[in-house]
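To convert, count from 1 in the sequence shown and add 66; that's the numbering used here. Cβ atoms here follow ideal geometry from the backbone N, Cα and C, with glycine treated the same way. Here's the structure, in structure tokens; my notes come after.
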Amino acid sequence: MNKQISARNAFVFVLTCCMLYAFPIILADVYYRDDFERVLNPAAGWYTLGRPTADLLMRLFSFNIFELTDTAPFTLLLGILFISWVLWTVAKRNETILTIGSLCPYILLLISPFFLQNISYKYDSLPMIAALAISILAYFYPRDRGVKSYLIPMAYLFLALTLYQPCTNIFIGLYGVNLLIGFNKNSRSPLQETLWAGVVLLSAYILYFVIINKMLGMSGGRDAMVPLPELADYLIKHTKILIHYIKSAITRELKIILYVTSLCVVYAFFLNVYNFLQDKQWSVSTLLSLLLMVLSPIVIFLAFLGPLFLLREGMTDVRVLSGVSATLFLHGYSLVVVLRKLKPKWMLLSLVPVFYFTAVSFQYANAVKNQHIYEDRIFSWLIYDLMAVNANNHGKIFINNYPGTAPITQTIVNHQAIIDLMYTPSYGWISRRTLYSMGLNNVDLGWGDNYGDMLQTVCSSSSTPLKDNKFYTIYAVGDNTLVWFKNKFKTLCGKR
């Protein structure tokens with residue numbers, strides 16, 4: 067673990083770890099959320115959300131310039147290959163000696179429970195991985211190349227923003243981590259690093275805002291800022307959601323790992339302060355640098371959401387939390403620092419976080435796969451019943467609510483709560499597209515949660531169902547057919 071390895075073997079190790087992380091997603095082979103719409107209507111459309119390069123990238127690698135073709139897992143594999151090369155490259159740039167132990171923290175920049183949702187999309191995984199990789203490249207660009215040290219990282223971040231905006235938060239997170247423990251061998255004083263990072267980050271965002279949002283009009287309304295009078299309440303609300311998400315990822319087992327690595331972070335921080343103050347003359351710049359080091363945990367926390375703290379869209383899902391990977395890097399790197407100093411023979415322990423988060427990936431993929439198998443059976447029974455009442459030959463079929471959680475999936479969720487936020491049962495809009503893809507051409511493909519007027523008609527008239535079982539109820543409403551999926555959260559004539 068502490069033995070130097072060749073650059074080639076280092077790349078093989080990084081690629082193997084990253085592939086193991088993605089492997090269960092590939093094996094599950096399940097369409098995820100937006101995939102259900104794109105597989106039926108293969109238009110890209112990311113440009114409308116300020117992500118034009120995502121369109122170009124997926125058109126290029128699906129080899130279809132007019133619309134998207136399902137090319138998974140080819141595009142996911144390309145993304146894993148690219149980010150593996152990036153992690154290997156930045157590790158070579160930053161580490162004097164490459165060892166298995168020294169590579170582990172860099173691998174954690176990808177291997178995170180908060181990035182599992184991103185790689186689950188068949189159509190969207192490559193742009194998201196590329197955005198994360200390019201943002202990491204931007205942070206690790208050398209600082210000693212004059213104007214290029216500003217222009218190239220700025221161009222990288224601009225490109226990443228046009229791929230998937232939240233992934234650029236990793237840049238902020240790595241900057242904060244470096245203030246705290248000083249891991250970047252190419253960086254300068256905390257004050258100089260702050261000036262560099264501020265110029266690069268703000269320039270990239272301003273350039274993106276002017277060109278993409280204003281000149282090209284590609285924002286989809288997602289650039290709307292929170293009005294100042296609402297800002298305090300908004301920040302409190304989304305900070306609570308963020309904390310809930312973070313807590314959901316911390317199992318009893320992970321707590322043990324975090325207790326140990328948190329002590330390592332404290333050690334690495336004081337070691338960084340000690341090294342910084344060596345041969346330093348006390349001055350205003352020295353005091354400002356120390357202040358930045360002390361305040362760095364705030365920067366790291368802000369990197370979880372980045373500008374989303376100020377945007378009305380806010381925290382939409384786990385997939386926007388790629389900035390959390392910087393915190394995992396912090397814990398992994400601090401562990402390596404302590405092991406190098408105190409117990410080099412125990413360097414094998416640096417693999418524990420990598421193995422843990424890889425195991426979470428397998429648990430997540432198993433939960434998603436079992437939910438899909440469970441729902442597939444329900445959909446098959448439903449199609450049979452709908453055809454038995456001839457619903458496929460008249461009117462429209464309206465799908466409401468969503469199936470419950472598969473027993474196997476629930477068992478996994480009970481242990482790993484964050485999976486509950488990501489495994490995604492077939493919500494109404496997904497169920498409609500699933501049934502349509504199975505050949506029911508008269509299924510209504512609306513996006514809403516329910517059809518209020520039809521539900522009111524059924525509930526007020528106490529209609530007798532055409533079919534009723536544990537999983538769903540089928541009603542005739544005029545010439546149309548209404549399907550209500552049963553779960554423990556909603557009832558047909560109660561909360562909906």
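Check whether residue i and residue j have beta carbons under 8 Å apart
i, j, result
"residue 338", "residue 242", "no"
"residue 81", "residue 152", "no"
"residue 237", "residue 205", "yes"
"residue 394", "residue 191", "no"
"residue 372", "residue 389", "yes"
"residue 540", "residue 530", "no"
"residue 90", "residue 428", "yes"
"residue 195", "residue 163", "no"
"residue 106", "residue 499", "yes"
"residue 193", "residue 117", "yes"
"residue 487", "residue 314", "yes"
"residue 374", "residue 171", "no"
"residue 509", "residue 449", "no"
"residue 432", "residue 478", "yes"
"residue 511", "residue 452", "no"
Cβ neighbour criterion (16 or more within 10 Å) applied to residue i
i, result
"residue 165", "buried"
"residue 434", "buried"
"residue 310", "exposed"
"residue 439", "exposed"
"residue 83", "buried"
"residue 467", "buried"
"residue 561", "Low confidence applies here, because residue 561 scores a pLDDT of 47, under 50, leaving its location unreliable; read the following figure in that light. Per the 10 Å Cβ criterion, exposed."
"residue 99", "buried"
"residue 101", "buried"
"residue 327", "buried"
"residue 219", "buried"
"residue 297", "exposed"
"residue 74", "exposed"
"residue 349", "exposed"
"residue 93", "exposed"
"residue 95", "exposed"
"residue 131", "exposed"
"residue 504", "exposed"
"residue 340", "exposed"
Rounded Cβ spacing between residue i and residue j (contact assumed at less than 8 Å)
i, j, result
"residue 359", "residue 245", "5 Å"
"residue 266", "residue 216", "6 Å"
"residue 501", "residue 465", "7 Å"
"residue 391", "residue 174", "7 Å"
"residue 491", "residue 437", "6 Å"
"residue 418", "residue 330", "With 8 Å as the limit, residue 418 and residue 330 do not qualify as a contact, their Cβ atoms being about 12 Å apart."
"residue 280", "residue 160", "Not confirmed; about 37 Å, so no contact."
"residue 189", "residue 291", "With a Cβ gap of about 29 Å, residue 189 and residue 291 do not count as contacting."
"residue 369", "residue 239", "3 Å"
"residue 185", "residue 225", "Incorrect: roughly 20 Å between the Cβ atoms, too far for contact."
"residue 537", "residue 551", "7 Å"
"residue 424", "residue 86", "5 Å"
Sheet register partners of residue i (DSSP bridge)
i, result
"residue 464", "548"
"residue 534", "539"
"residue 509", "463"
"residue 291", "377"
Chain C within 8 Å of residue i, Cβ atoms only
i, result
"residue 431", "The structure shown contains no chain C; it is built from a single protein chain."
In chain order, which alpha helix (DSSP H) runs of at least 4 residues are fully inside the segment 394 to 469? The segment 394 to 469 contains these whole alpha helix (DSSP H) runs: 418 to 454.
Whole runs of the alpha helix (DSSP H) within the segment 141 to 202, excluding any shorter than 4 residues: 166 to 173, 182 to 186
Start-end ranges of the alpha helix (DSSP H) lying completely within the segment 263 to 326, minimum 4 residues: 297 to 314
Unbroken stretches of the alpha helix (DSSP H), 4 residues or longer, contained in the segment 190 to 259: 191 to 205, 214 to 227, 235 to 247
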